[in-house]
Amino acid sequence: MNNDVNNMLDNLGKNPLGGLSVNVATLLKFPLVLILFGNVLFAALLFLRSRILADTFQSSSISLIKTIITIYLITTIIGSIIAVLFLLVG
Amino acid sequence: MTNTQESNKVPKKFRNLKRSFMKNITLRNDHSFKSFPKGLRFHGQEQEEQVILIIRSHWIIYVPQILLAILVLVFPWLLGAIVPAIFESVVIFISLLITSFLIGISILVSAIVKWYYNVDMITDQRVVDLDFPNVMAHTMSETQLEHIEDITQKQLGLLGSIFDVGTVYVQTAGSAQNIEFTNVPRPRDVQEILSDLLESKEKGEI
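So the protein lines, in turn, are chains A and B.
In case it helps, the UniProt record's numbering puts the first sequence at residues 1 to 90.
In case it helps, the UniProt record's numbering puts the second sequence at residues 1 to 206.
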């Protein structure tokens, strides 16, 4: 009983979570996966919207814009898959 | 391109219009302000309809997005400077690098696509405004030249004065849609071109 009281008094003012270590890398994983998923969704929406807009308006440089968007979508998907694989391994 | 070469691009039926119209329409053409563009089509365009001018937002409007993209690209190193533990796990750092690269590219590509599809057109029959504010929506408004009642241009702030950027408001009669050409280059010239065109239309010259 006395020991418990002494322990309690000794620990007063100390951080109760002092022994808990938080790994920053682990904390980053979940938000990174969410951001990557959101980015792929954004790329897909931009691709679809640009297809609709290409029917509404087109000029001589439309093929360049279409190429940029297609390369962007492919890069986003492949890059996101690689990043998620790295996160799962790490 | 010289002014004479630009004048040669003007179709015959417009060459006899007012001198100020010819001067404004042929002067300093670029991708944001292009007269008589070739290979341009838009939804609802008539067979004989001629696009006189195509205007896009000035590039200066997209500078904040470009700066944001650069900031996102260097974000992993900024985060590493604040939380050095990030550098300890190479795999996590690489995935953070890939993520920031992809988001930076997303910002840049969306700026390019927005620039391309936020377009205003003046034809010999109407004024068309295509707006692409975000990835979820786009609007296309148009009004016949006959319905235009008033044209106002507004230049605001330091950037407007330095880069000659402003907004042109096209007010229409009755319930027809009012149209805004937002952040376009040379707003005074756009206003003058449109006024000259309306005058010629009233006189039956086009």
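Idealized CB from N, CA, C, for every residue including glycine.
Would DSSP call residue i helix, strand or coil?
| i | result |
| --- | --- |
| B:Gln-155 | coil |
| B:Ala-69 | helix |
| B:Glu-142 | strand |
| B:Phe-163 | helix |
| B:Met-1 | For B:Met-1, the predicted model reports a pLDDT of 49, less than 50, meaning its position is unreliable; a value from the coordinates is still stated below. Reduced to three states, the DSSP call for B:Met-1 is coil. |
| B:Gln-47 | coil |
| B:Leu-53 | strand |
| B:Ile-122 | strand |
| B:Val-170 | strand |
| B:Glu-192 | helix |
| B:Glu-149 | strand |
| B:Glu-180 | strand |
| A:Gly-79 | helix |
| B:Ile-206 | coil |
| A:Asn-23 | coil |
| A:Gly-38 | helix |
Measure the CB-CB distance between residue i and residue j and report whether it falls below 8 Å.
| i | j | result |
| --- | --- | --- |
| B:Ile-60 | B:Phe-181 | no |
| A:Ala-83 | B:Ser-89 | no |
| B:Ile-105 | A:Thr-67 | no |
| B:Val-51 | B:Met-140 | no |
| B:Val-184 | B:Gly-160 | no |
| B:Ile-193 | B:Leu-97 | no |
| B:His-43 | A:Arg-49 | no |
| B:Thr-172 | A:Leu-32 | no |
| B:Ala-111 | B:Ile-148 | no |
| B:Val-63 | B:Phe-36 | no |
| B:Leu-130 | A:Thr-56 | yes |
| A:Ser-69 | B:Val-109 | One detail in the question is off: residue 69 of chain A reads as Ile in this sequence, not Ser. Contact flag set, yes. |
Tell me, to the nearest whole angstrom, how far the beta carbon of residue i is from that of residue j; I am working on the premise that it is less than 8 Å.
| i | j | result |
| --- | --- | --- |
| B:Ile-151 | B:Ser-200 | Not really, about 14 Å apart at Cβ, beyond 8 Å. |
| B:Leu-145 | B:Val-127 | 7 Å |
| A:Leu-73 | A:Ala-44 | 7 Å |
| B:Val-113 | A:Phe-42 | Incorrect: roughly 11 Å between the Cβ atoms, too far for contact. |
| A:Asn-39 | B:Ile-179 | The pair is not a contact, with the Cβ atoms about 34 Å apart (cut-off 8 Å). |
| A:Phe-86 | B:Ile-94 | 6 Å |
| B:Thr-123 | B:Glu-49 | 5 Å |
| B:Phe-132 | B:Tyr-117 | 4 Å |
| B:Ile-55 | B:Ser-32 | 7 Å |
Would you give the residue range spanned by the alpha helix (DSSP H) that residue i belongs to?
| i | result |
| --- | --- |
| B:Val-109 | 90-117 |
| B:Lys-13 | 12-15 |
| B:Ser-20 | 19-26 |
| residue 226 of chain B | Residue 226 of chain B is absent from the model: chain B starts at 1 and stops at 206. |
| B:Pro-76 | 75-82 |
Just curious, the beta strand (DSSP E) that residue i is in, first and last residue?
| i | result |
| --- | --- |
| B:Asp-129 | 126-134 |
So what does residue i bridge to, in DSSP terms?
| i | result |
| --- | --- |
| B:Arg-41 | A:Gln-58 |
| B:Gln-185 | What sits at residue 185 of chain B in the sequence shown is Pro, not Gln. For B:Pro-185, which the question treats as bridged, DSSP gives the partners B:Val-165. |
| B:Asp-30 | B:Phe-33 |
| B:Ala-137 | B:Asn-134 |
Is residue i a contact residue of the ligand ADP, with contact defined as CB to any heavy atom under 7 Å?
| i | result |
| --- | --- |
| B:Leu-68 | For the ligand ADP, the structure offers nothing, since it holds no ligand at all. |
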